[in-house]
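Numbering (our numbering), first residue to last: 391 to 519.
For glycine and all other residues, C-beta sits at the position ideal for the given N, C-alpha and C.
Small disclaimer: the values here were computed from a predicted structure and weren't measured.
Right, one structure below, let's go through it.
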């Protein structure tokens, strides 16, 4: 998912996992973070393939509020437009079913170093195990 987001969304930075690294002086940096969040839906089909739902959160920190909001809006538009096989597995381990925005961009906090916004998403995959 990270590769697809970086390739298809106009992002101001590469996506970090799971947190945005700090600047060399220890202050918070502008950045984008991807973190998987717990979700419990999984179904094993008769052919042994697993249909699994993955949830993830994107956090954006930036000194410019509009940049932070626009970044998450671009990611949300991309994920919302995904459908069957929009994302290809490089090793054949999964088939992409769909993506969904589960929480629109929300303001989280503001400090002396900028603002932080978050949004939540889910992706359904058919795993070839």
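Tell me which same chain residues have a C-beta within less than 8 Å of the C-beta of residue 492, skipping the five on either side of it? For residue 492, where only same-chain residues beyond five positions count, the Cβ hits under 8 Å are 445, 510, 511 and 512.
I need the straight-line Cα distance from residue 420 to residue 442, nearest angstrom please. Roughly 32 Å between the two C-alpha positions.
Got a sec? Which residues, its chain only, sit under 6 Å from residue 431 by beta carbon, not counting five neighbours each side? Closer than 6 Å at Cβ, skipping near neighbours: 443.
Close beta carbons around residue 523, own chain, < 8 Å, minus the five adjacent residues each side: Past the boundaries of the shown model lies residue 523; the chain is included only from 391 to 519, so the question cannot be answered.
Quick check on residue 397: buried or exposed, where buried means 16 or more other Cβ atoms within 10 Å of its Cβ? By the Cβ-count criterion, residue 397 is exposed, with fewer than 16 other Cβ atoms from all chains shown falling within 10 Å of its own Cβ.
For residue 394, which of 514, 498 and 472 has the nearest alpha-carbon? For the residues 514, 498 and 472, the minimum Cα distance to residue 394 belongs to 472.
Write down the C-beta distance between residue 540 and residue 433 rounded to the nearest angstrom, noting that I regard them as a contact closer than 8 Å. Given a span of 391 to 519 for the chain in the structure shown, any question on residue 540 remains unanswerable.
Can you give me the C-alpha to C-alpha distance between residue 476 and residue 429, rounded to a whole angstrom? For residue 476 and residue 429, the distance between alpha carbons rounds to 22 Å.
Between which two residues does the beta strand (DSSP E) carrying residue 491 extend? For residue 491, the uninterrupted beta strand (DSSP E) run begins and ends at 484-501, by DSSP.
Which of the three DSSP states is assigned to residue 433 in this structure? In the three-state reduction of the DSSP assignment, residue 433 falls in the strand class, which pools E and B.
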